[in-house]
Amino acid sequence: MIDVPLCLTAGLRRYTHRVTDIVMRTEFPGGGKYITFDIPMAMYEADDVNLALRSRVYVSDARTARVVAEGRIADVSKVTSEEGQMMRVTAWGPKVHATEQSAPVIYLDTRASSWDMSDATTQAGSAAEMEDVDDAGESLGWWLRFDTGNTVTTSDKVHIDYRQLYFADQSIARITGTYRWGLTDGSYRFTGRSRHQIGSPFWWYRSTAANGGSVNFDDRMDLGPLVGHQLLRLGFERLDTSTTATQTHWVKVYNLKVWGLRYTASGLPDTNRDNYLSTSPYDWHIVEDVLGRLLPDFDGANAQVQKLNKPMGHFAYLHSATAEQILADVCAATGTMGWTTEPAQYYGGKTNFQYWSVATYPNYEMSLDSPADLPKSITEIYNKVTVRWLDKKGRPRNTVVTRDLPLLGTATRQAFIDLGSTLNDAATATTLGNEFLKAHSKPSGGGTVTINRPIKDLWLGEYRQPWEVRPRIAGTRIRLRSPNDLDCHQMQNWNDKTGAEKVNLLPNPSIEMDTTGYSENQCTISRSTAWSTRGVGSLRIVPSAGGTDVYAAMGGGTGSFNYVTAGKSYRVKGTIQVPQAQAAPTDSRARTIVVYIVAASLGAGYHEYRSNQAPNVAGTYDLQLDFHVPSDATECFFRLYNGSGTTTDDVRYDNMSLREANGTDDYNLFTLGDDRDRVALIVASEYTASTNTARLELESEPPSVAKALRNLNAKEVRRA
Amino acid sequence: VGDLIRFVDTITASPTVRLNLNDESVWACTNFDAPPPRLRRAIATNLLNPGGYVASASHEMRTITIRLECITNSQDLGATELQKLARELDRPKNLIQYQPTGATKPVFFRTYRSDVSDILDMVAAKTFRTITIELLADPYALGLSETLVNGVTINNDPAHVTNPMGLTLGAVLGDVPAPLRVSCTGSVNAVMPLLGVTTMQPGYTLATRPLFFQAESGTLGTDASVVSDAAMSGGSKIRVTPGTANSSVRVTFTADQFPVGNYRVFLRCGKTVNADVWTVRLQQVGWNDGWWGEDAKLTISSAAMRWADLGVLPLGSGNMDADNERLTYQILLRVWAGRTRGSGSLDIDAMILIPADGNRFLACRNIITDLGEVYTGHTIVWDGNQDAIYTHETSTGRVQSALGYPSVGGIPWVVPGHTNYLWYMVNATHYTVSNITSSFVYPADSITASVVLTATYFPRYLYVRPSAS
Numbered sequence: 004m005i006d007v008p009l010c011l012t013a014g015l016r017r018y019t020h021r022v023t024d025i026v027m028r029t030e031f032p033g034g035g036k037y038i039t040f041d042i043p044m045a046m047y048e049a050d051d052v053n054l055a056l057r058s059r060v061y062v063s064d065a066r067t068a069r070v071v072a073e074g075r076i077a078d079v080s081k082v083t084s085e086e087g088q089m090m091r092v093t094a095w096g097p098k099v100h101a102t103e104q105s106a107p108v109i110y111l112d113t114r115a116s117s118w119d120m121s122d123a124t125t126q127a128g129s130a131a132e133m134e135d136v137d138d139a140g141e142s143l144g145w146w147l148r149f150d151t152g153n154t155v156t157t158s159d160k161v162h163i164d165y166r167q168l169y170f171a172d173q174s175i176a177r178i179t180g181t182y183r184w185g186l187t188d189g190s191y192r193f194t195g196r197s198r199h200q201i202g203s204p205f206w207w208y209r210s211t212a213a214n215g216g217s218v219n220f221d222d223r224m225d226l227g228p229l230v231g232h233q234l235l236r237l238g239f240e241r242l243d244t245s246t247t248a249t250q251t252h253w254v255k256v257y258n259l260k261v262w263g264l265r266y267t268a269s270g271l272p273d274t275n276r277d278n279y280l281s282t283s284p285y286d287w288h289i290v291e292d293v294l295g296r297l298l299p300d301f302d303g304a305n306a307q308v309q310k311l312n313k314p315m316g317h318f319a320y321l322h323s324a325t326a327e328q329i330l331a332d333v334c335a336a337t338g339t340m341g342w343t344t345e346p347a348q349y350y351g352g353k354t355n356f357q358y359w360s361v362a363t364y365p366n367y368e369m370s371l372d373s374p375a376d377l378p379k380s381i382t383e384i385y386n387k388v389t390v391r392w393l394d395k396k397g398r399p400r401n402t403v404v405t406r407d408l409p410l411l412g413t414a415t416r417q418a419f420i421d422l423g424s425t426l427n428d429a430a431t432a433t434t435l436g437n438e439f440l441k442a443h444s445k446p447s448g449g450g451t452v453t454i455n456r457p458i459k460d461l462w463l464g465e466y467r468q469p470w471e472v473r474p475r476i477a478g479t480r481i482r483l484r485s486p487n488d489l490d491c492h493q494m495q496n497w498n499d500k501t502g503a504e505k506v507n508l509l510p511n512p513s514i515e516m517d518t519t520g521y522s523e524n525q526c527t528i529s530r531s532t533a534w535s536t537r538g539v540g541s542l543r544i545v546p547s548a549g550g551t552d553v554y555a556a557m558g559g560g561t562g563s564f565n566y567v568t569a570g571k572s573y574r575v576k577g578t579i580q581v582p583q584a585q586a587a588p589t590d591s592r593a594r595t596i597v598v599y600i601v602a603a604s605l606g607a608g609y610h611e612y613r614s615n616q617a618p619n620v621a622g623t624y625d626l627q628l629d630f631h632v633p634s635d636a637t638e639c640f641f642r643l644y645n646g647s648g649t650t651t652d653d654v655r656y657d658n659m660s661l662r663e664a665n666g667t668d669d670y671n672l673f674t675l676g677d678d679r680d681r682v683a684l685i686v687a688s689e690y691t692a693s694t695n696t697a698r699l700e701l702e703s704e705p706p707s708v709a710k711a712l713r714n715l716n717a718k719e720v721r722r723a
Numbered sequence: 034v035g036d037l038i039r040f041v042d043t044i045t046a047s048p049t050v051r052l053n054l055n056d057e058s059v060w061a062c063t064n065f066d067a068p069p070p071r072l073r074r075a076i077a078t079n080l081l082n083p084g085g086y087v088a089s090a091s092h093e094m095r096t097i098t099i100r101l102e103c104i105t106n107s108q109d110l111g112a113t114e115l116q117k118l119a120r121e122l123d124r125p126k127n128l129i130q131y132q133p134t135g136a137t138k139p140v141f142f143r144t145y146r147s148d149v150s151d152i153l154d155m156v157a158a159k160t161f162r163t164i165t166i167e168l169l170a171d172p173y174a175l176g177l178s179e180t181l182v183n184g185v186t187i188n189n190d191p192a193h194v195t196n197p198m199g200l201t202l203g204a205v206l207g208d209v210p211a212p213l214r215v216s217c218t219g220s221v222n223a224v225m226p227l228l229g230v231t232t233m234q235p236g237y238t239l240a241t242r243p244l245f246f247q248a249e250s251g252t253l254g255t256d257a258s259v260v261s262d263a264a265m266s267g268g269s270k271i272r273v274t275p276g277t278a279n280s281s282v283r284v285t286f287t288a289d290q291f292p293v294g295n296y297r298v299f300l301r302c303g304k305t306v307n308a309d310v311w312t313v314r315l316q317q318v319g320w321n322d323g324w325w326g327e328d329a330k331l332t333i334s335s336a337a338m339r340w341a342d343l344g345v346l347p348l349g350s351g352n353m354d355a356d357n358e359r360l361t362y363q364i365l366l367r368v369w370a371g372r373t374r375g376s377g378s379l380d381i382d383a384m385i386l387i388p389a390d391g392n393r394f395l396a397c398r399n400i401i402t403d404l405g406e407v408y409t410g411h412t413i414v415w416d417g418n419q420d421a422i423y424t425h426e427t428s429t430g431r432v433q434s435a436l437g438y439p440s441v442g443g444i445p446w447v448v449p450g451h452t453n454y455l456w457y458m459v460n461a462t463h464y465t466v467s468n469i470t471s472s473f474v475y476p477a478d479s480i481t482a483s484v485v486l487t488a489t490y491f492p493r494y495l496y497v498r499p500s501a502s
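Going down the list, the sequences are from chains A and B.
Every position in the first sequence, counted from 1, becomes a number in our numbering once 3 is added.
Every position in the second sequence, counted from 1, becomes a number in our numbering once 33 is added.
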């Protein structure tokens with residue numbers, strides 16, 4: 004049977020036999036965008052309750068009873084034409100759910116300008132926003148003072164207020180900062196107050212006497228009076244006795260950081276004080292808050308959120324943002340992460356959500372003998388960029404960054420980036436400019452292809468129907484084979500070149516007897532039976548005190564050529580156990596498998612390839628890396644990184660494998676750098692049931708920091 | 034006696050005849066032209082390959098052309114007969130019963146509002162007209178309803194000696210696949226049943242039926258031990274009492290001669306502490322370092338035994354037609370489980386694999402219905418003829434809801450000339466429904482539950498019907 008085995012249910016009714024067509028669009032990031040279908044029906048039927056607005060729509064696979072796409076009816080049109088009467092229905096998918104709520108939200112607000120002098124300030128005093136408060140050149144803050152010669156009496160005060168959380172309808176989670184006194188006087192106090200909302204009374208939570216020094220303060224929401232409060236007030240106050248102010252009657256408050264109370268992914272307020280780190284929220288903190296705050300139709304409790312632990316710094320949307328906008332900013336800031344959804348598998352279920360690092364190797368492969376349009380354009384190629392930014396005083400500055408690009412020769416193509424209203428500095432502008440030029444240094448690998456037959460799923464070793472090929476978990480890549488490779492473009496031949504499992508090239512992959520084949524660097528290695536995923540033994544790596552370049556070499560070290568053959572592609576993988584989160588500092592390679600290759604074709608020096616990184620959270624993780632050994636390679640060696648300099652931060656590796664990619668050399672699953680092939684990211688697929696075809700929209704890379712720069716103006720204004 | 038060609042009200046052996054088009058008194062059929070339906074195909078072709086790839090194909094509607102003679106004694110009588118014909122043609126839907134002289138059994142064409150394409154008045158002593166009508170019709174001619182299963186009990190234990198979670202259906206009649214109409218009465222509340230039919234090419238069999246593994250018969254993994262329990266399939270289960278929170282292999286299953294294809298996998302398991310959270314995952318060890326299934330998070334606050342949905346397991350080139358050979362696999366399946374919250378244990382009873390494939394040798398259609406609060410005393414009907422699901426009170430026949438019930442997947446078909454196996458799980462996927470925004474409390478699964486099934490269908494023919502098939 005080769006009918007298209009898709010079924011469509013709207014509300015409680017099954018419409019498969021009545022629809023004239025089904026079109027489903029899925030995008031990355033985000034997942035299902037919409038489902039559209041037409042149902043010829045007489046107008047007297049048109050008030051069918053199953054087609055009511057917000058009614059649930061599911062497209063499912065009749066073979067597996069699995070849902071392929073889901074949505075809620077958003078548009079219903081009664082259409083009459085020469086062809087008769089019909090209902091035209093559009094159901095929005097989960098991606099659109101991420102745009103349905105827009106709200107201000109503050110994760111961490113570090114801006115001094117978010118504070119204002121309070122009208123509670125009495126005549127004798129004043130407050131001014133200022134920079135370089137700590138004489139170190141970087142801090143922004145406030146100077147609260149009683150001016151020289153003024154009489155300061157009991158209860159005179161200088162206050163600054165923070166109201167942004169109130170306007171965002173959020174509670175305070177944490178406030179940190181530093182204050183520095185101009186004098187020592189027990190009658191002057193630095194005060195902290197909070198209140199629930201405008202009009203309600205303030206509660207004291209801090210009052211310390213002036214002692215002439217600097218004090219770091221750190222107050223969190225579990226401090227009694229702060230619980231559930233939205234408004235903050237810091238002050239410089241005279242408690243008793245009158246005095247005449249001199250030039251030392253001041254306190255400077257700076258490095259102010261305010262954390263808003265977040266939600267957990269399950270939608271509950273995150274009241275665990277330890278989850279508000281003193282430095283910055285991590286990327287996944289924000290993702291989980293978005294799930295709990297703005298995405299009630301997503302299954303936050305069971306969401307797959309990878310913990311990259313990327314500090315996000317100042318992150319506040321004072322003017323409101325949608326979940327889609329916030330997630331886009333988080334992903335862009337990480338540069339490697341993406342988010343997507345998969346439909347709920349049962350009627351009324353919540354949508355599955357995933358925040359994960361974008362895959363770097365292809366899921367699918369197809370021959371370019373289907374309709375395709377893969378332009379190669381110079382449109383987005385630049386070798387010079389002007390970055391406009393604002394300094395701390397809000398004055399515009401320009402930084403020009405260039406990149407040597409042989410493609411353009413002596414020609415200049417210059418772009419302009421406006422960093423908008425965010426305060427920045429020259430170093431940041433240079434970094435972003437370089438990122439931009441790097442991302443725009445070669446033509447995009449994008450375009451469109453049309454799937455009109457099953458294509459190979461490289462991960463599962465089977466073929467996928469057009470409706471199954473869509474951007475999925477962690478971003479889906481497709482490898483487009485050149486049509487002039489006549490040996491491979493006949494589909495039936497493909498089977499011949501896959502399927503045979505290649506030999507594991509490692510002599511001691513499971514560390515069952517001893518640690519033969521492994522050697523140590525700044526660590527002690529041993530065979531451990533405390534944990535294993537294969538057999539009973541694993542390789543334990545215990546750091547020696549001294550540094551973070553802690554690893555076990557797998558095979559020889561620098562200068563050696565191990566296990567592989569030049570000109571072929573390989574996959575190395577293994578399982579790592581992280582018994583406990585590693586203490587800082589750690590190496591950037593911590594908890595990864597690293598391959599080093601030396602080859603003239605790659606350029607001078609060691610070329611380093613890293614597997615995915617195990618999160619710095621206790622658990623067991625699979626690590627994997629696909630790599631190609633150029634035919635002129637002279638060195639190739641492997642390291643299993645621990646990466647921690649703390650002697651109690653041991654890790655264990657097990658189930659190691661190194662296998663040649665399946666197939667012959669002209670059909671490597673993971674060939675890199677072959678000009679005949681292109682590996683692209685599927686950013687959208689639109690499936691049409693009436694023709695059983697899926698049109699894929701491809702991009703070379705996911706939106707990164709550099710890519711996002713084109714839109715930063717709008718984003719940054721929003722982030723304020 | 035001429036061929037039987039007449040408009041009738043139902044597909045029954047003795048239907049009410051509304052207009053006989055070949056009574057050889059007033060009406061005579063001189064030409065009956067009902068060519069079988071043509072296939073509409075989606076073919077991918079280009080200049081880079083010889084031939085093309087047929088991505089999909091389905092039958093189009095058909096047109097039945099009938100030439101009639103109408104002879105009456107007067108113009109008024111002739112007009113009356115024409116009016117009878119006009120009224121039949123104008124019905125939104127109609128049925129033509131067709132049975133050539135000598136054929137044992139009739140077929141029925143489902144027709145739609147149609148028209149007269151030609152009328153020729155003959156000059157004769159009587160009123161004599163030749164009339165040509167063109168009827169738009171469904172692609173298939175339907176035979177009389179056939180019963181495959183009548184009141185058979187299906188037991189909700191995969192190890193039951195009688196009809197364990199399904200049964201092999203008898204020979205299916207017809208030329209092409211036909212939708213089933215399954216009605217079911219249960220001894221327990223049916224809340225999220227899975228109904229499916231797996232069709233196997235002649236000579237092709239499933240290794241065991243049903244495809245299931247008893248946990249206690251597998252190779253035990255970390256922190257697992259066998260515990261006797263009469264409420265479990267096979268009388269035992271394994272209990273996992275973990276020493277750490279890590280996910281580990283708890284049990285490993287192996288089997289030979291497993292047909293290539295996709296399988297929907299469910300694991301019957303239960304927590305010993307309501308509030309604990311466990312994550313369960315399936316690994317197939319083999320090709321290219323194996324396949325990992327989806328995480329099934331057991332978050333529901335209940336310690337009862339339920340089926341956890343472990344996703345779709347692909348074995349080999351599941352979606353590709355196995356054109357040249359019947360491939361079988363030796364499989365090695367590992368069940369991983371880790372406790373992510375709490376302090377209790379996890380009980381694992383059995384694992385079942387429901388075929389879910391479009392493979393040439395193993396075609397399947399499965400459906401899962403969320404029947405919410407349907408309860409004992411009601412009959413649930415999966416009506417493939419109408420592509421609808423509804424219930425009625427078993428004793429009175431009173432329809433409970435005309436709206437239908439939420440469902441995903443396709444109501445099963447049966448395929449003639451093949452072995453058809455019908456599956457029925459009383460309670461699929463109780464863990465994953467824990468995230469449904471519903472106040473309904475899904476009950477636990479019981480291996481002693483059973484349902485009584487009746488399955489009928491209208492065999493489908495491209496033209497006429499043989500006497501016995």
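Quick reminder that beta carbons are idealized off the backbone N, C-alpha and C, glycines included.
Remember, predicted model here, so these are calculated numbers, not experimental data.
Is there a Cβ from chain B that is less than 7 angstroms from the Cβ of residue i?
{"i": "N695/A", "result": "yes"}
{"i": "D629/A", "result": "no"}
{"i": "S535/A", "result": "no"}
{"i": "Y670/A", "result": "Residue confidence for Y670/A is low, a pLDDT of 29 falling below 50, so the modelled location carries little weight; the figure read from the coordinates is stated next. No, Y670/A lies away from the interface with chain B (no Cβ there is under 7 angstroms from its Cβ)."}
Are the C-beta of residue i and some C-beta of chain A separated by less than 7 angstroms?
{"i": "K330/B", "result": "yes"}
{"i": "V284/B", "result": "no"}
{"i": "A389/B", "result": "yes"}
What does residue i reach in chain A if we use C-beta pairs closer than 9 angstroms?
{"i": "N295/B", "result": "R66, T67, E465"}
Whose C-beta lies closer than 7 angstroms to the C-beta of residue i among residues of the same chain, with five residues either side of it excluded?
{"i": "A46/B", "result": "L177"}
{"i": "I152/B", "result": "R162, I164"}
Starting from residue i, find everything on chain B with Cβ-Cβ shorter than 9 angstroms and list it in chain order.
{"i": "V7/A", "result": "A75, A88, S89, S91"}
For the alpha helix (DSSP H) that contains residue i, what are its first and last residues?
{"i": "G436/A", "result": "429-442"}
{"i": "A112/B", "result": "108-122"}
With respect to the beta strand (DSSP E) encompassing residue i, which residues constitute its N-terminal and C-terminal limits?
{"i": "I329/A", "result": "I329/A -> not in any beta strand (DSSP E); alpha helix (DSSP H) instead, spanning 326-337."}
Can you pull the chain B neighbours of residue i, defined as C-beta to C-beta under 7 angstroms?
{"i": "H20/A", "result": "D420"}
Within a Cβ cutoff of 6 angstroms, which residues of the same chain sit near residue i, ignoring the five residues on either side of it in sequence?
{"i": "D490/A", "result": "Bear in mind that the predicted position of D490/A carries a pLDDT of just 31, short of 50, making it too unreliable to give a figure here."}
On a CA-only basis, which of the options is nearest residue i? Give me that one, please.
{"i": "A61/B", "options": "N53/B, P68/B, A67/B", "result": "N53/B"}
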